[in-house]
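All residue numbers for the sequence shown refer to the working numbering, where the first residue is 6 and numbers rise by one.
To keep things clear, I will list the structure first and then write my remarks on it.
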Amino acid sequence: MFFATPPDVTAEVFARVPEELAPDAHSAWGQTQHPGKSFRAFLEGPSFDRQGNLYCVDICHGRILKCDPAGEFSVVAHYDGEPNGLKIHRDGRIFVADHAHGIMVVDPENGRVEPFLTRPGLERFYGLNDLHFASNGDLYFTDQGQSGLHAAYGRLFRLTEAGELTCLIDNIPSPNGLVFNETESQLYLAVTRMNAVWRIRFLPDGKTVAKSGTFIQLSGGMAGPDGLALGENGELIIGHMGLGTVWVMSRLGEPLLRIRSPEGILTANCAFGGPEGRHLYITEAESSSILRVELPFAGKQMFAHTQET
């Protein structure tokens, strides 16, 4: 990155998946994506409910996990899938971007997992990664598959509340996390294999993509930008997978803060929660833990963000 190094802060370990929740069997997904490594849980997709429980996925073992305010983990659902992204709808339903199956919905009361959107028309998805709700309830999600600079076929989709599905972009080298800016005039999109965050701009109709480009060019790490979150003043929070870092950038793309992981470098995704919504919770997949750090600002209230503060 071509700028001065921002100030550092090191997060603390808030909670760790206990050994008794480690599956007995090795994960085919884990052996393919991270050869030679085993994971107690590959945590991704954090999202809070109204009671302050933090839900996240374990993509490695096909599980939805819940971490309560005291840091205790439990298994909500275990199914034959590869859940990657997770957001809690305003009505309480848990929406999951599943790499193997598409968009799934989880009932937090009984753990039932049901398909919501499994294919665009008669095609198949390449492999969904993450999702985000706009304030009007429209669902945006990324179809990453195994795309990259060698094969830039990743896609960005929008599904309106009325059920209209549109592919907005179809030439992305590894689309990942996504979040709207504070006015929802542009969508930030993590493009992992380019080590960049794109700015997807919309015309005044709010539907037509135009003049999109690179917002932030990162460097280093074993992967690149993964999950994104937004601060109340438009700050962009970027989980940098493979660098053990979460970056805090201004609305103009200026570096404000570097949050370091105290252990593990697979800092995947993050969500605001805690008192006054000023604590950032980070999924660190290598150590199967949730990290936490207090920031001087709160997260922006989202359609899917429902925690009472």
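Built from N, CA and C at the ideal position, the CB exists for glycine as well.
Discussion item. Using only CA atoms, which one of Trp-203, Ile-174 and Leu-170 lies nearest to Leu-127?
Written reply: Leu-170
Worksheet item: Which residue or residues does DSSP assign as beta-bridge partners of Thr-318?
Response: Past the boundaries of the shown model lies residue 318; the chain is included only from 6 to 314, so the question cannot be answered.
Worksheet item: Taking the C-alpha atoms as reference points, what is the distance between Phe-78 and Cys-72?
Response: 4 Å
Worksheet item: Counting only runs that start and end within the segment 59-103, where is the beta strand (DSSP E) found for 3 or more residues in a row?
Response: 59-63, 68-72, 78-83, 88-93 and 99-103
Worksheet item: Considering Asp-135, what are the terminal residues of the beta strand (DSSP E) in which it resides?
Response: 133-138
Worksheet item: Considering only the beta carbon of each residue, do Leu-144 and Leu-161 sit closer than 8 Å?
Response: no
Discussion item. For the segment 218-228 against the segment 282-299, do three or more pairs of beta-carbon atoms, one drawn from each stretch, fall closer than 8 Å, so that the two count as touching?
Written reply: no
Discussion item. Classify Pro-23: buried if its beta carbon has 16 or more other beta carbons within 10 angstroms, exposed otherwise.
Written reply: exposed
Worksheet item: Do you know offhand how far Glu-25's Cα is from Ser-43's?
Response: 15 Å
Worksheet entry | Exposure of His-106, with buried meaning 16 or more beta-carbon neighbours within 10 Å | buried
Item to complete: Specify the secondary structure class of Met-227 as computed by DSSP and reduced to three states.
Response: coil
Worksheet item: Nearest-angstrom Cα distance between Leu-192 and Pro-28?
Response: 37 Å
Worksheet item: What residue from Phe-308, Arg-265, Gln-56 and Gln-222 has the CA that sits closest to Glu-17's CA?
Response: Arg-265
Discussion item. Does Ala-290 pass the burial test, meaning 16 or more other C-beta atoms within 10 Å, or should it be called exposed?
Written reply: buried
Discussion item. So the candidates are Glu-187, Asp-210, Ala-201 and Ser-52; which of them puts its Cα closest to the Cα of Asn-181?
Written reply: Ala-201
Item to complete: Could you have a look at Pro-280 and say whether DSSP puts it in helix, strand or coil?
Response: helix
Practice prompt. May I ask you to list the residues that DSSP assigns as paired with Gln-317?
Written response: Residue coverage of the chain in this structure runs from 6 to 314, which leaves residue 317 outside it and unanswerable.
Discussion item. My assumption, with CB atoms under 8 Å, is that Pro-260 sits in contact with Pro-11. Please give the rounded CB distance.
Written reply: 4 Å
Item to complete: Could you pull out every residue in the same chain whose Cβ sits closer than 8 Å to the Cβ of Arg-124, ignoring the five residues on either side in sequence?
Response: Gly-107 and Phe-130
Worksheet item: Which two residues bound the contiguous beta strand (DSSP E) that contains Met-109?
Response: 107-111
Discussion item. Between the segment 130-141 and the segment 183-191, can you find at least three pairs of beta-carbon atoms closer than 8 Å?
Written reply: yes
Worksheet item: When DSSP labels each residue in this structure, what does Met-246 get in the three-state scheme?
Response: strand
Worksheet item: What are the boundary residues of the beta strand (DSSP E) that includes Arg-265?
Response: 260-265
Worksheet item: On the premise that Ala-157 lies in contact with Pro-178, defined as a C-beta separation below 8 Å, what is that separation, rounded to the nearest angstrom?
Response: 4 Å
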